[in-house]
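Chemist: If you scroll down you'll find the structure; I have some questions about it.
Residue numbers (our numbering), protein chains in the order written: chain R, 8 to 360; chain Y, 47 to 334.
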């Protein structure tokens, strides 16, 4: 019964995903499709943190670093190569290597949770500062000007593999992004069901115990951190295709948003952060337009996001998925006897000591 | 020779501003093991408090030295009551909640004051050394930073309040068993930390001006200094500020100011890799 229910969840996600993938282009206008592409790109970013924080306990405040690096690598490489397939591959590879270096530095240094958060935050701030001041000739990489504060407005659009110059239409980018989101989601699901995924969760639950059982904790953490970096880079690459790259990709608000999505959606699940991401994106968009309306000038997106985050941390620490699970259990409990308490381990948000 | 003096003064001023930026955070982190991610916004609030008071006709020195710390200290006490109190022992949750607070403060101040730079000119005029000129106000700030460190040391070392603070820092359960009230100690600590932060915000406002988003510019430096400093509040902050301030200024003189900041951050990251417990986690362990 339980097993069936979890498969039911996967089937629902798959059906909804495929529905959006094939349904939306038929129904919506181009503007909406481009917006939906951005949401889906961000959803991959949310997935990257959901994986490494929710399942490996690595609170990375600097996912934006990989997001931005992915976008910038893609833009610079695509301008220089004149075609985008190899540029896209490089845009995933380079941030993953960067994640490996940073991860080596942190996990082999045995830096604890909080310090890890501060270091990753600092790294993304360094990149932000650095890229922000790269205006001018001396910062050209090959043919590509980094452009400082303005970024690279002429970020090339992906072309069909092997056909340089034959660009993808916005509808194709949309299908690609949503398709990759679905693939990434299920790949993470499968990853978590493997031996590797189980060990990962064991490390999150009790690092010392996992280590005493003979697992090299550093290696596992490094591996999952690299997967997270690669996903964030993929998100940056797709984002660069629907907007363009600029230093804001590295900025604090981007890093902050990802964490808010995960908290509001529900830490320790994969679907929660995706839902949280889409909901918050829609909300931010609405707030942005709302404060133009007379009488609502006090509505500032930051103010609303901040208050929401505080409220969720204090009152709904398990996020929307937690609320939904409770509601579902209560409904199911009305119909039949409640399941024994031990059936579902309580999600605890304690950090490793 | 003149150049050397100017360089030394610049280094001193960089160190002083790091001390000012991070001392409030260090007090809160050192005592309560709470990471206040809204620290940058506390600084911002202090700056706005000073500038608003000054524009309303309050004497500049009173605005900076009294109004700013009082405002932010009271605000800190309020935040401790409403939010932080419920999250003791949950480090990550505290970080997230204070981050939410920081966003909310940015939003609120943007709505009230608008997203523009406000500023006041630095008082005290300038001083010339040979062919170079420097602000007297920056020398004043070096004095204030030194004074704060000395005063903090005296309070911690010689007063009853300091004794309670040190006891709570070392072993809060034991301190509670001996009759202190940890909840009151924490409330006072947070308010004092916030007040010190407000003072720093007020003092730095003439140099940097204030915008609602200025916190982001300060926060990384403040964190890095506190974390590199390690467990000891005063000596940790002082040593880390000295080291990082010197690296920052020398790189700035040699190259550009952005590279100076990058060098500061890189140095701190390398330092943390070598000394994960911070400088005073390894050396000077008995210092305050």
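Where is the CB? At the ideal position from N, CA and C, for every residue including glycine.
Which residue spans inside the region 94 to 119 of chain R form an unbroken beta strand (DSSP E) run of at least 3?
Modeler: none
Chemist: Mark residue 301 (chain Y) as exposed unless 16 or more other C-beta atoms lie within 10 angstroms of its C-beta, in which case mark it buried.
Modeler: One-based indexing of the second chain puts residue 301 (chain Y) at position 255. Exposed is the call here.
Chemist: Assign residue 156 (chain R) to one of two classes, buried (16 or more other C-beta atoms within 10 Å of its C-beta) or exposed (fewer than that).
Modeler: Locating residue 156 (chain R) in the first chain gives position 149, where the first residue counts as 1. Per the 10 Å Cβ criterion, exposed.
Chemist: Name the chain R residues whose beta carbon is nearer than 8 Å to that of residue 148 (chain Y)?
Modeler: The residue given as residue 148 (chain Y) occupies position 102 in the second chain. The contacting residues are 313.
Chemist: How is residue 62 (chain R) classed by DSSP in three states: helix, strand or coil?
Modeler: As a position in the first chain, residue 62 (chain R) is number 55, starting the count at 1. If DSSP states are grouped into helix, strand and coil, residue 62 (chain R) belongs with coil.
Chemist: Let me see if you follow: with CB-CB separation under 9 Å, is residue 55 (chain Y) close to chain R or not?
Modeler: On the second chain, position 9 is the one that residue 55 (chain Y) refers to. No - not a single Cβ of chain R is within 9 Å of the one on residue 55 (chain Y).
Chemist: What does the Cβ neighbour count give for residue 162 (chain Y), buried or exposed, with the cut at 16 atoms within 10 Å?
Modeler: Position 116 of the second chain, counting from 1, holds the residue named residue 162 (chain Y). So residue 162 (chain Y) counts as exposed.
Chemist: Could you name the residues of chain R that residue 307 (chain Y) contacts, counting a contact when the two beta carbons are closer than 7 Å?
Modeler: Locating residue 307 (chain Y) in the second chain gives position 261, where the first residue counts as 1. Per Cβ cutoff of 7 Å: 136.
Chemist: So what's residue 174 (chain R) in DSSP terms, helix, strand or just coil?
Modeler: As a position in the first chain, residue 174 (chain R) is number 167, starting the count at 1. The answer is strand: DSSP assigns residue 174 (chain R) an E or B state.
Chemist: Just tell me which of R:14, R:16, R:24 has its CA closest to the CA of residue 189 (chain R).
Modeler: Here residue 189 (chain R) refers to the residue found at position 182 of the first chain. It is R:24 whose Cα lies nearest to the Cα of residue 189 (chain R).
Chemist: Let me see if you follow: with CB-CB separation under 9 Å, is residue 325 (chain Y) close to chain R or not?
Modeler: The residue labelled residue 325 (chain Y) in the question sits at position 279 within the second chain. No, because no Cβ of chain R sits closer than 9 Å to the Cβ of residue 325 (chain Y).
Chemist: With 9 Å set as the bound, which would you pick, yes or no: does the beta-carbon of residue 233 (chain R) sit closer than that to a beta-carbon of chain Y?
Modeler: As a first step, residue 233 (chain R) is located in the first chain; it is residue number 226 there, counting from the start. Among the CB atoms of chain Y, none fall inside 9 Å of the CB of residue 233 (chain R).
Chemist: Tell me whether the beta-carbon of residue 260 (chain Y) lies closer than 9 Å to the beta-carbon of residue 137 (chain Y).
Modeler: Position 214 of the second chain, counted from the start, is the residue given in the question as residue 260 (chain Y). Position 91 of the second chain, counted from the start, is the residue given in the question as residue 137 (chain Y). It is not a contact, given that the beta carbons lie outside the stated cut-off.
Chemist: Checking contacts by CB at 9 Å: is residue 107 (chain Y) closer than that to chain R?
Modeler: Within the second chain, numbered from 1, the residue matching residue 107 (chain Y) stands at position 61. Answer no: the Cβ-Cβ gap between residue 107 (chain Y) and chain R never drops below 9 Å.
Chemist: Which residues in the same chain as residue 110 (chain R) place their Cβ atom closer than 6 Å to its Cβ, once the five residues preceding and following it in sequence are excluded?
Modeler: Counting from 1 along the first chain, the entry for residue 110 (chain R) is found at position 103. 229, 232.
Chemist: For residue 355 (chain R) and residue 308 (chain R), what's the separation of their Cα atoms in angstroms?
Modeler: Translated into positions along the first chain, residue 355 (chain R) becomes position 348. Translated into positions along the first chain, residue 308 (chain R) becomes position 301. For residue 355 (chain R), the pLDDT reaches just 45, beneath the cut-off of 50, and the residue's location in the model is therefore unreliable, leaving the point undetermined.
Chemist: When you compare the region 21 to 39 of chain R with the region 257 to 270 of chain R, are there three or more beta-carbon pairs, one atom per stretch, that lie closer than 8 Å?
Modeler: no
Chemist: Which bits of chain Y does residue 263 (chain R) rub up against, with CB to CB less than 8 Å?
Modeler: Taking the first residue of the first chain as 1, we reach residue 263 (chain R) at position 256. Simply 145, 149.
Chemist: Are the C-beta atoms of residue 79 (chain R) and some chain Y residue less than 9 Å apart?
Modeler: The sequence position of residue 79 (chain R) within the first chain is 72, counting from 1. No, no contact with chain Y.
Chemist: Applying a beta-carbon distance threshold of less than 7 Å, which residues of chain R neighbour residue 64 (chain Y)?
Modeler: Translated into the one-based positions of the second chain, residue 64 (chain Y) becomes position 18. Residues of chain R passing the Cβ test: none, with the nearest at roughly 15 Å.
Chemist: Since residue 329 (chain R) and residue 320 (chain R) are thought to touch, with beta carbons under 8 Å apart, how far apart are those beta carbons, to the nearest angstrom?
Modeler: On the first chain, residue 329 (chain R) is found 322 positions in, with the first residue counted as 1. On the first chain, residue 320 (chain R) is found 313 positions in, with the first residue counted as 1. Contact between residue 329 (chain R) and residue 320 (chain R) is absent: CB atoms are separated by about 13 Å, not below the 8 Å threshold.
Chemist: Can you tell me which of Y:223, Y:145, Y:272 puts its alpha carbon nearest to the alpha carbon of residue 68 (chain Y)?
Modeler: As a position in the second chain, residue 68 (chain Y) is number 22, starting the count at 1. If we check each option's Cα against that of residue 68 (chain Y), Y:272 comes out closest.
Chemist: Hey, how far is the Cα of residue 127 (chain R) from the Cα of residue 174 (chain Y)?
Modeler: By one-based count along the first chain, residue 127 (chain R) stands at place 120. By one-based count along the second chain, residue 174 (chain Y) stands at place 128. Rounded to whole angstroms, residue 127 (chain R) to residue 174 (chain Y) spans 42 Å at the Cα level.
Chemist: Does any residue of chain R bring its CB to less than 9 Å from the CB of residue 300 (chain Y)?
Modeler: As a position in the second chain, residue 300 (chain Y) is number 254, starting the count at 1. It does not: the Cβ of residue 300 (chain Y) has no partner Cβ on chain R nearer than 9 Å.
Chemist: Given this structure, state the Cα-to-Cα distance separating residue 284 (chain Y) from residue 293 (chain Y), to the nearest angstrom.
Modeler: Residue 284 (chain Y) sits at position 238 when you count from the first residue of the second chain. Residue 293 (chain Y) sits at position 247 when you count from the first residue of the second chain. When rounded, the distance between both Cα atoms is 14 Å.
Chemist: What residues in its chain sit with their C-beta under 8 Å from that of residue 313 (chain Y), if we drop five residues either side in the sequence?
Modeler: By 1-based counting over the second chain, the position of residue 313 (chain Y) is 267. So the list reads 289, 290, 293, once near-sequence residues are dropped.
Chemist: Put residue 242 (chain R) into one of helix, strand or coil per three-state DSSP.
Modeler: In the first chain, the residue the question calls residue 242 (chain R) occupies position 235. Helix at residue 242 (chain R).
Chemist: Less than 9 Å separating the beta-carbons of residue 106 (chain R) and residue 259 (chain R)?
Modeler: Start at 1 with the first residue of the first chain, and residue 106 (chain R) comes out as number 99. Start at 1 with the first residue of the first chain, and residue 259 (chain R) comes out as number 252. Taking 9 Å as the Cβ cut-off, residue 106 (chain R) and residue 259 (chain R) do not qualify as a contacting pair.
Chemist: Distance, Cα to Cα, residue 217 (chain Y) vs residue 126 (chain Y)?
Modeler: Position 171 of the second chain, counting from 1, holds the residue named residue 217 (chain Y). Position 80 of the second chain, counting from 1, holds the residue named residue 126 (chain Y). If I take the Cα positions, the gap works out to 21 Å.
Chemist: For residue 100 (chain Y), does the count of other Cβ atoms within 10 angstroms reach 16, so buried, or fall short, so exposed?
Modeler: In the second chain, counting from the first residue as 1, residue 100 (chain Y) sits at position 54. Residue 100 (chain Y) is buried by the Cβ-count criterion.
Chemist: As an exercise, report each continuous beta strand (DSSP E) stretch of at least 3 residues that is fully enclosed by the region 238 to 291 of chain R, in chain order.
Modeler: none
Chemist: Going by C-alpha distance, which of Y:81, Y:189, Y:280 is nearest residue 200 (chain Y)?
Modeler: Here the question's residue 200 (chain Y) lines up with position 154 in the second chain. Of the listed residues, the one whose Cα sits closest to residue 200 (chain Y) is Y:280.
Chemist: Could you check whether residue 239 (chain Y) and residue 111 (chain Y) sit closer than 9 Å to each other, using their CB atoms as the reference points?
Modeler: For this step, residue 111 (chain Y) is matched to residue 65 along the second chain. For this step, residue 239 (chain Y) is matched to residue 193 along the second chain. Not a contact, by the Cβ cut-off of 9 Å.
Chemist: On a CA-only basis, which of Y:169, Y:207, Y:139 is nearest residue 226 (chain Y)? Give me that one, please.
Modeler: Numbered from its first residue, the second chain carries residue 226 (chain Y) at position 180. The option with the nearest alpha carbon to residue 226 (chain Y) is Y:207.
Chemist: Would you kindly check if the distance between the Cβ of residue 240 (chain R) and the Cβ of residue 103 (chain R) is under 9 Å?
Modeler: Residue numbering aside, residue 103 (chain R) sits at position 96 when the first chain is read from its first letter. Residue numbering aside, residue 240 (chain R) sits at position 233 when the first chain is read from its first letter. Yes; because the gap between Cβ atoms is below 9 Å, this pair is in contact.
Chemist: Can you give me the start and stop residues for the beta strand (DSSP E) that residue 183 (chain Y) sits inside?
Modeler: What you label residue 183 (chain Y) is simply residue 137 of the second chain in a count that begins at 1. No beta strand (DSSP E) contains residue 183 (chain Y), which is instead part of the alpha helix (DSSP H) from 182 to 204.
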